[in-house]
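Trainee: Counting from 72, one number per residue, gives the positions in the sequence shown under the numbering used here. Before I ask anything, let me first share the structure, which is written out below as structure tokens.
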Amino acid sequence: MARFDFIQGEKAGITAYFENNLMIHRTKLEKADEFYSKHAGELLMPPTTENLDMLPPLQRHEFKVTEKTDIVIDGLGWITVPANTVVAGWAPEGVSVLTRRAMI
Numbered sequence: 072m073a074r075f076d077f078i079q080g081e082k083a084g085i086t087a088y089f090e091n092n093l094m095i096h097r098t099k100l101e102k103a104d105e106f107y108s109k110h111a112g113e114l115l116m117p118p119t120t121e122n123l124d125m126l127p128p129l130q131r132h133e134f135k136v137t138e139k140t141d142i143v144i145d146g147l148g149w150i151t152v153p154a155n156t157v158v159a160g161w162a163p164e165g166v167s168v169l170t171r172r173a174m175i
């Protein structure tokens, strides 16, 4: 459905704001592609295995932020990242991924 990669910055907490029933899974960046390939449609859902082929491919959007920032996936939710970080947001092709000044 979506993915965030923490690429660069000091070790810091990242806060996620999504619907309560959406399961969030963390893994190291080096293992993220393998984890997604192995678990998409099962552990990582929605979508289910049956509907996975209907989902457009994920498109990568990279952001270098200089202040505390929200990285937003349109219609899904957002994460808040600290200043001076580089983060990539992945969403299905056609779904907007954007930044805004942190709300909280």
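Every residue, glycine too, gets a C-beta built ideally from N, C-alpha and C. Just so it is clear, the structure is predicted and the values come from calculations on it, not from any experiment.
Cutting at 7 Å between CB atoms, please list the residues of its own chain near residue 79, excluding the five before and the five after it.
Mentor: 156, 157
Trainee: Looking at C-alpha atoms only, which residue of 140, 148, 132 is the closest neighbour of residue 165?
Mentor: Checked all of 140, 148, 132; the closest Cα to residue 165 is 132.
Trainee: Can you tell which of 83, 163, 139, 135 has its C-alpha closest to the C-alpha of residue 125?
Mentor: 163
Trainee: When burial is assigned at 16 or more other CB atoms within 10 Å of the CB, is residue 160 buried or exposed?
Mentor: buried
Trainee: Just the C-alpha distance for residue 114 and residue 167, rounded to the nearest angstrom, thanks.
Mentor: 24 Å
Trainee: Is residue 100 helix, strand or coil by DSSP?
Mentor: helix
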